[in-house]
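Under my numbering, the first residue of the sequence shown carries the number 22, and numbering increases by one thereafter.
Backbone N, C-alpha and C fix where the C-beta goes; we use that ideal spot for every residue, glycine too.
All values derive from a computational prediction rather than experimental measurement.
Presented below is the structure to which this report refers.
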Amino acid sequence: MSTLVEAATPAEWRAWLDAHAATATEAWLVLPLARSGRPGLTHRQALEEALCVGWIDGLNQRHDDTSRRQRFTPRSPRSAWSTVNRELVATLTAQGRMAPAGLAAVERAKADGRWLLLADAQAGIVPDDLQAALDADPAAAAAWERRRPSERRMILEGLARAVRADTRARRIRAACGRP
22 MSTLVEAATP AEWRAWLDAH AATATEAWLV LPLARSGRPG LTHRQALEEA
72 LCVGWIDGLN QRHDDTSRRQ RFTPRSPRSA WSTVNRELVA TLTAQGRMAP
122 AGLAAVERAK ADGRWLLLAD AQAGIVPDDL QAALDADPAA AAAWERRRPS
172 ERRMILEGLA RAVRADTRAR RIRAACGRP
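Printed below as a string of structure tokens:
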């Protein structure tokens, strides 16, 4: 494991990010479990500060009986932006909290299409090619409707992330229950 960071407040976490974000490759931030009753930084507060400097949250692991550790890394050049993170960035920008590195990460994502890549999928919008496949197979359409919203969203995000046409076609077949 790399750097383990213990920050009790958003200001402490932001100070660590300001000092290390440009050179560090990851940080594991210790966060108190809600049931522990311990005061401390929340995941939301930590995420906001990370987004401000162009970082993102990732893996979450148990640390001890009263805390967990959350992995934060610089946002990768291939990382798509979730609706939640886009909305947070809008709020953080309006509040004047975004650092130049965070604003640069947003601009790169807008320029190369990653900013809105998942927007339709996360809104539950079924793309035309999947809809056509579902319309052609009533059993697949019925199975699609029975899926949990979270499962549908995962499938739609997978389609949105597909780079190659054959990958997308394979994922559509899988969504319709065909090999």
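- Rounded to whole angstroms, the gap between the alpha carbons of S100 and L139 is 11 Å.
- Note: Q82 is bridge-paired with R90 in the DSSP secondary-structure output.
- Taking 8 Å as the cut-off, the beta carbon of A120 is found closer than this to the beta carbon of C73.
- Taking the C-beta atoms as reference points, L52 is found no nearer than 8 Å to A29.
- By the criterion of at least three beta-carbon pairs nearer than 8 Å, the region 181-196 is in contact with the region 142-154.
- The beta carbon of L68 lies closer than 6 Å to those of D78 in the same chain, with the five residues before and after it left out.
- With respect to the C-alpha of P60, the residue from L180, F93, T87, A154 having the closest C-alpha is T87.
- The three-state secondary structure of E108, taken from DSSP, is helix.
- In its chain, beyond the 5 residues on either side, E70 have a beta carbon closer than 6 Å to the beta carbon of R35.
- Distance from the Cα of D141 is smallest, within the candidate group T112, P159, A125, S103, for S103.
- In the DSSP assignment, P53 falls within the unbroken beta strand (DSSP E) covering 48-53.
- Take A45, set aside five residues on each side of it, and the residues of its chain with a beta-carbon closer than 7 Å to its own are T24, in chain order.
- Within the DSSP secondary-structure output, W136 pairs in no beta bridge.
- As for any alpha helix (DSSP H) of minimum length 4 sitting wholly inside the region 120-172, the runs are 121-133, 140-143, 149-156, 159-167, ordered along the chain.
- Among the bridge pairs identified by DSSP, W76 is matched with P95.
- Per DSSP, the beta-bridge partners of L25 are W49.
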